[in-house]
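Student: Questions regarding the structure given below will be posed in turn.
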Ligand code: FAD
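In our numbering, the protein residues as written are 21 to 161.
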């Protein structure tokens, strides 16, 4: 039983490049043993993360992430049972903001700013799909 979960959150004031690196390192260290894959996007103080894997593993990880003081306003945007993974290539991929085309954000939202709270979960998932399709996701397995 595989599920895909998408949430958004606001970074705590203390999250800088070093703190983001620590979160990614922790994710890449932990996720393989849980069978979890996904992608993390951090832009303008907002996190958007997709988690895929077994239902129990994804639910437990999400509950742990939601309690993490490094972010607030953790909001579930989308949760679905899936037949196959879309982000199987990443224990936790990172959106490469240098390759994030503002036109791509405009395609899906009112402004060029990433604001998952202002759009539907379906729209945010579509954006993730395009980011993967355009090789804007980086990070080793
Ligand atoms: P611990 O043994 O609890 O901690 C390991 C190290 O992580 C600590 O030594 C410390 O350096 C650092 N650390 C842990 N918690 C904090 C904290 N609150 N503040 C500062 N440093 C801390 N975890 C995953 O396993 N997979 C994910 O995909 C994932 N995605 C995340 C996305 C976001 C946006 C955030 C904020 C956190 C994410 N986390 C993820 C981290 C998660 O919330 C837990 O901290 C983590 O799962 C605990 O793992 P652990 O028991 O191995 O770490």
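In this text, a Cβ means the ideal position worked out from N, Cα and C, and glycines have one as well.
1) What does DSSP give as the partner residue(s) for residue 72 in the beta ladder?
2) Expressed to the nearest angstrom, what Euclidean distance is found between the alpha-carbon atoms of residue 31 and residue 142?
3) Which same chain residues, not among the five before or five after residue 105, have their C-beta less than 7 Å away from its C-beta?
4) Compare the Cα-Cα distances from residue 25 to each of 74, 154, 157, 137 and report the closest residue.
5) Under a three-way DSSP split, which group does residue 135 fall into?
6) Let me confirm a value: residue 156 is counted as buried when at least 16 other C-beta atoms fall within 10 Å, else exposed. Which label applies?
7) Less than 9 Å between the beta carbons of residue 111 and residue 47, yes or no?
8) Candidates 78, 90, 49: which alpha carbon is nearest residue 37's?
9) Out of curiosity, what's the CA-to-CA distance linking residue 137 and residue 53?
10) Between which two residues does the alpha helix (DSSP H) containing residue 144 stretch?
11) Going by DSSP, what residue range makes up the alpha helix (DSSP H) through residue 126?
12) Measure the alpha-carbon distance for residue 124 versus residue 147 and round it to whole angstroms.
Tutor: In this structure, then:
1) To locate residue 72, count along the chain shown from 1; it is residue 52. Residue 72 pairs with 24, 57.
2) Looking up residue 31 in the chain shown gives position 11. Looking up residue 142 in the chain shown gives position 122. For residue 31 and residue 142, the distance between alpha carbons rounds to 22 Å.
3) Along the chain shown, read from residue 1 onward, the residue named residue 105 stands at position 85. So the qualifying residues of the chain are 22, 57, 72.
4) The count along the chain shown starts at 1 and reaches residue 25 at position 5. Of 74, 154, 157, 137, the residue nearest in Cα terms is 74.
5) Stepping through the chain shown from its first residue, residue 135 is reached at position 115. It is coil, neither helix nor strand.
6) The residue given as residue 156 occupies position 136 in the chain shown. Label assigned to residue 156: buried.
7) Translated into the one-based positions of the chain shown, residue 111 becomes position 91. Translated into the one-based positions of the chain shown, residue 47 becomes position 27. The answer is yes: Cβ separation under 9 Å.
8) Looking up residue 37 in the chain shown gives position 17. Checked all of 78, 90, 49; the closest Cα to residue 37 is 90.
9) Along the chain shown, read from residue 1 onward, the residue named residue 137 stands at position 117. Along the chain shown, read from residue 1 onward, the residue named residue 53 stands at position 33. Computed Cα separation, rounded: 31 Å.
10) Indexing the chain shown from 1 puts residue 144 at position 124. Element bounds for residue 144: 141-153.
11) By 1-based counting over the chain shown, the position of residue 126 is 106. Taken as a continuous stretch (DSSP letters only), the alpha helix (DSSP H) holding residue 126 covers 122-128.
12) Residue mapping note: residue 124 aligns to position 104 of the chain shown, counting from 1. Residue mapping note: residue 147 aligns to position 127 of the chain shown, counting from 1. Rounded to whole angstroms, residue 124 to residue 147 spans 8 Å at the Cα level.
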